[in-house]
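Counting along the sequence shown from 1, when you hit position 639 you're at 635 in my numbering, and nothing is skipped either side. Structure first, commentary second.
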Amino acid sequence: MTSIAAILALAAAAVSAADGGSALAEPGESVFPQPATAYDLRKLRCAPPGRAVYAVRVDERDVIVGWRYRSYDPTNAAFNVYANGVKLNDAPIRDVTYFRTPWTGKKTVYEVRRVSAGAQSMKGAAKKPAAAKNGTVKKRAAPSWTLPANAPVGYFDIELSPPPPSELPGGKTVAHHPCDCSVGDLDGDGKDELVVIWWPDNAADNSSWHVTGETWLEGVKLDGTNRSLWKVNLGRNIRSGSHYTPVMVADFDGDGCAEVACRTADGTVDGKGRVIGDAEADFREQNGHVLWARNFVTVFDGRTGAALDSIPFKPDVLEDPVQRAARNEKAINREWSSRNPGNQAFRFLAAVAYLDGAHPSVVMCRGYYSRTCLWALDWDGKKLSERWFFDSNDPRWKGYGGQGFHNLRVADVDFDGKDEIVYGHMTVDHDGSGLYTTGMGHGDAMHVIQSAPDVRGLQVWTCHEAPPFGVSLFDARTGAVSFWKHGGVDTGSCNAMDIDATMPGVELFSGANCGIYSAKTGKQYMHPKPNPRINYYSTLRFGIWWLGDMTRSAYSGGSVIRGYSVKGRKVYDIANLGGGVESNHGSKGCPCLIADIFGDWREEILLRRADNRAIRVFMSPEPTKWRFHTFMEDPVYRISVLTQNNGYNLPTGTGFYFGPDLLGHDILFRGTRLP
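Structure (structure tokens):
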């Protein structure tokens, strides 16, 4: 068993030298809150978020209308709310971005208009929206939302039409259900659209041996029309399951419309009905694995689903028959630490990252149990090109293999304004070089946080699948370990959230009953439960900003949002979202998405309807006295939304501290004066 001292010594030896300085603040400088990143938002090329107006019934009598507050709104911005053209509020709304009004029982068009002008609210605010280069955007109407006469209470549905059933060998068929989702402005109208990843009902983990149906992608409007923009069939040679096809959505070429990038194969059919590669190729093994297929990275047009460019995936998944005969299959498996063909060797992740501090790149990844490869690509509107390729087999990066997790995080961890890829217990710098590795091996879940507002920089909280078992907190810039808590067994889940306003900073907990700790002080607030079967901490797998008091709540599957009282030592239900919905990924109980995609700074939860013909969107009915610039303007948060569909889904995270500890300091925070 590895000792704590050995772990700390290993981590210290692996730390890279970094000067760290930031134009925002120098280490030790008296600034509150302390900086966590050093992005120049004036240079960062990302689509400015729309107003994201929505309206939902909160009970039998009332409706809440919500909208976004953005960094290019003046700090004195005020808003009026209209219903079918009639203004509802007596005085302009200045302090919040929601409005409660009686329900009329009739079809109503709610509209939000800004009524003041002035200077931008903060230096470095996002650029104001501009027309797309392709001329898609001309004049945009005032943001609005139509509530039908039969609107349900507490949610609305995005109606969907499932893809046709997949045909399996032997003539059987399998239906599809909506699984993970992502968002992006696909058509350049200033509003996000939904990208739905459709799974066959027999989708399987790599360790399962059977032929799966096909994975489909679909672009759907989020303006209340539920109109489908396109469908893409990834085809028989892309096996369907949680480790295979992460989908990245971003405006990679700056034309005002987001593209969709993912791994494809021979037989993929784009949104125009055109086949990529060989339409007749079938690389499926009898056991269901797809070991030798020719794979690509493809960029799809967000407006039409048309394949714009495809290049061979790197490192190659394909081994042609001659190569295959010349090499030992067991040796290939060992290279990726595969205990059986098609398992660990076929673990894929992906991310969006601002590697030059301005332009978004797509990063395609393969492997994390042994060999680990990250491949950064740029899309210029005409072709894909390589920015860099990181391979743990490179002698320069000895010690980086076997350190990856089932997900990843992206953030500017070293204060240079450019993104790094936090890949578990290793981090790759913006230029494709290794930044550091802690050497603590593979794990399941991790979270990048700023532990408290007076702590400079970001930290990483991880749980370990391999020895040394347990959980650890380390510096995201250097890899220096703050503390490690032994868990005794494979620690399969952990989280980091500010769940209690009475405790300083972010609270840390895990699924191995390691207790609850303060990320700032390391103090243990709760001890492990004496009965290992009663594991309250594992029920807090997903986080959601739902309440209005700046604390975070938990979503634990089964459509229940929960809070946690450390003082009372209990989990309590905040909201039961009701029946008629299903979670994804089996026992993990994942939603389709949790993100700030509508209204104010709180997050929405998206679940699939039980009949698999709709995504059900739930909004918080809770009041709040605060308004903040939408979290979607923070690159760390936005990318955490985009990477939520990787492997084992993780909740969103921000590149700044957010919680009740910000109060009591009289600061301007995300466009709002906090007392």
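Heads up, the beta-carbon is just placed ideally off N, CA and C, and yes, glycines get one too.
So, helix, strand or coil for residue i, using DSSP?
i: GLY501; result: coil
i: MET436; result: coil
i: ARG392; result: helix
i: LEU225; result: strand
i: ASP657; result: helix
i: VAL49; result: coil
i: PHE627; result: helix
i: VAL54; result: coil
i: TYR633; result: helix
i: ALA43; result: coil
i: ALA257; result: strand
i: GLU674; result: With the chain running from -3 to 671 in the structure shown, residue 674 is simply not present.
i: ASN202; result: coil
i: LYS217; result: coil
i: ARG383; result: strand
i: GLN340; result: helix
i: THR71; result: coil
i: ARG330; result: helix
i: ASN641; result: helix
i: LYS584; result: helix
i: ARG548; result: coil
i: ARG674; result: In the structure as shown, the chain starts at -3 and stops at 671, and residue 674 therefore has no counterpart that could be examined.
i: MET493; result: strand
i: THR142; result: strand
Out of the options, state which residue places its alpha-carbon closest to the alpha-carbon of residue i.
i: HIS689; options: MET360, ASP201 and ALA346; result: Nothing can be reported for residue 689: it is not among the residues displayed for the chain, which extend from -3 to 671.
i: ARG452; options: ALA515, LYS584, THR433 and GLY209; result: ALA515
i: TYR50; options: PRO44, GLU56 and ARG64; result: ARG64
i: CYS490; options: ALA407, LYS584 and TRP393; result: LYS584
i: PRO165; options: VAL228, GLU281 and ASN85; result: GLU281
i: PHE342; options: ARG330, VAL348 and GLY353; result: ARG330
i: SER26; options: ASP450, GLY501 and GLU578; result: ASP450
i: ASP312; options: ARG473, TRP332 and GLY553; result: TRP332
i: GLY215; options: GLY298, ILE234, THR264 and ASP247; result: GLY298
i: GLY539; options: SER636, ARG270, VAL348 and GLU416; result: SER636
i: GLY582; options: TYR644, GLN640 and MET628; result: TYR644
i: ALA275; options: LEU345, ASN233 and ASP596; result: ASN233
i: THR221; options: LYS168, PRO148, GLN446 and ASP153; result: ASP153
i: PRO161; options: TRP212, VAL149, ALA147 and TRP205; result: TRP212
Would you grab the beta carbon distance between residue i and residue j for me? Rounded to a whole angstrom, and I think it's under 8 Å.
i: ALA32; j: TYR653; result: 7 Å
i: SER366; j: GLY397; result: 5 Å
i: ALA303; j: PHE296; result: 6 Å
i: THR547; j: ASP496; result: 7 Å
i: PRO88; j: ALA79; result: Not confirmed; about 16 Å, so no contact.
i: LEU218; j: ASP183; result: With a Cβ gap of about 11 Å, LEU218 and ASP183 do not count as contacting.
i: CYS586; j: ARG604; result: Incorrect: roughly 10 Å between the Cβ atoms, too far for contact.
i: VAL577; j: ARG612; result: 5 Å
What residues in its chain sit with their C-beta under 8 Å from that of residue i, if we drop five residues either side in the sequence?
i: PRO526; result: For PRO526, the predicted structure reports a pLDDT of 45, less than 50, and the residue's modelled location is therefore unreliable. The matter cannot be settled from this model.
i: PRO656; result: ASP494, ALA497, ASP545, MET546 and THR547
i: ARG383; result: LEU351, SER357, ALA372, LEU373, ASP374 and GLY428
i: PHE465; result: HIS482, GLY483, GLY484, VAL485, ASP486, THR487 and ALA508
i: PHE665; result: PRO29, PHE624 and LEU658
Ignore the nearest five residues each way along the sequence and tell me which others in residue i's own chain have a CB closer than 6 Å to its CB.
i: ASN572; result: VAL556
i: PRO617; result: VAL54
i: CYS175; result: ILE193, TRP195 and ASN580
i: VAL92; result: ARG623
i: GLY661; result: According to the sequence provided, residue 661 is His. The question's Gly does not apply to it. Hits under 6 Å: PHE28.
i: THR294; result: THR260, ALA303 and SER306
i: GLY651; result: ALA32, THR33, ALA407, ASP630 and VAL632
i: MET360; result: VAL293, ALA346 and TRP371
i: LYS268; result: ALA302
i: THR264; result: LEU230, GLY231 and ILE272
Is it buried or exposed for residue i, if we count other Cβ within 10 angstroms and need 16 for buried?
i: VAL82; result: exposed
i: PRO671; result: exposed
i: PHE28; result: exposed
i: THR517; result: exposed
i: VAL111; result: exposed
i: GLU600; result: buried
i: ASP673; result: Within the shown structure, residues of the chain are numbered from -3 to 671, placing residue 673 beyond reach of any answer.
i: ASP408; result: buried
i: SER690; result: The structure shown does not extend to residue 690, since the chain spans only -3 to 671, so no value can be given for it.
i: PRO242; result: buried
i: ALA441; result: buried
Near residue i, what residues of its chain come up, given a Cβ to Cβ distance below 7 Å and the 5 sequence neighbours on each side ignored?
i: LYS376; result: It should be noted that the sequence gives Asp, not Lys, for residue 376. These residues qualify, in order along the chain: ASP249.
i: GLY17; result: Because the pLDDT of GLY17 is 32, which lies under 50, any placement of that residue in the model is unreliable, and the number read from its coordinates should be weighed accordingly. PHE411.
i: ALA199; result: THR208, SER236 and GLY237
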